[in-house]
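So the sequence shown is numbered by UniProt numbering: it starts at 1 and just counts up by one. Have a look at the structure below, then the notes.
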Amino acid sequence: MHPLPFSHTWPYEVQGKDIYIEECPFCKQEHVLTNMKPKDVKRAKEQFKVRLNMPCCHTVMTIIEADDDYFWADQPLRG
Numbered sequence: 001m002h003p004l005p006f007s008h009t010w011p012y013e014v015q016g017k018d019i020y021i022e023e024c025p026f027c028k029q030e031h032v033l034t035n036m037k038p039k040d041v042k043r044a045k046e047q048f049k050v051r052l053n054m055p056c057c058h059t060v061m062t063i064i065e066a067d068d069d070y071f072w073a074d075q076p077l078r079g
């Protein structure tokens with residue numbers, strides 16, 4: 001598999017057991033508390049696909065993998 005380009009990444013933050021995205025890549029809503037659980041992030045770090053339904057606009061982000069700072073999606077999230 002080819003490495004995913006940086007345009008397919010989006011930063012996230014973990015605060016306690018909550019997973020936040022500073023700004024939704026789809027609707028630009030700020031400070032989005034996702035419905036993800038720490039086990040979902042762990043699965044993404046193990047390169048299992050995880051679907052994230054954005055609570056702000058209901059758009060689905062398919063996360064292919066994750067590291068400690070970024071989700072890596074199956075589509076471009078940046079311009």
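We put the CB at the ideal spot given by N, CA and C, even for glycine. Keep in mind that this is a model prediction, so the values were computed, not measured.
| Query | Result |
| --- | --- |
| Residue environment, PHE71, which counts as buried when at least 16 other CB atoms sit within 10 Å | buried |
| Cβ-Cβ distance between ALA66 and LYS37 below 8 Å | no |
| Any non-hydrogen atom of the ligand PLP closer than 7 Å to GLU13 Cβ | Only the bare structure without any ligand can be found here, which leaves the ligand PLP out of the picture. |
| Contact under 8 Å by Cβ, ARG43 with VAL50 | yes |
| Distance between beta carbons of ILE63 and LEU77, contact taken as under 8 Å | Actually they do not touch by this definition, with Cβ atoms about 11 Å apart. |
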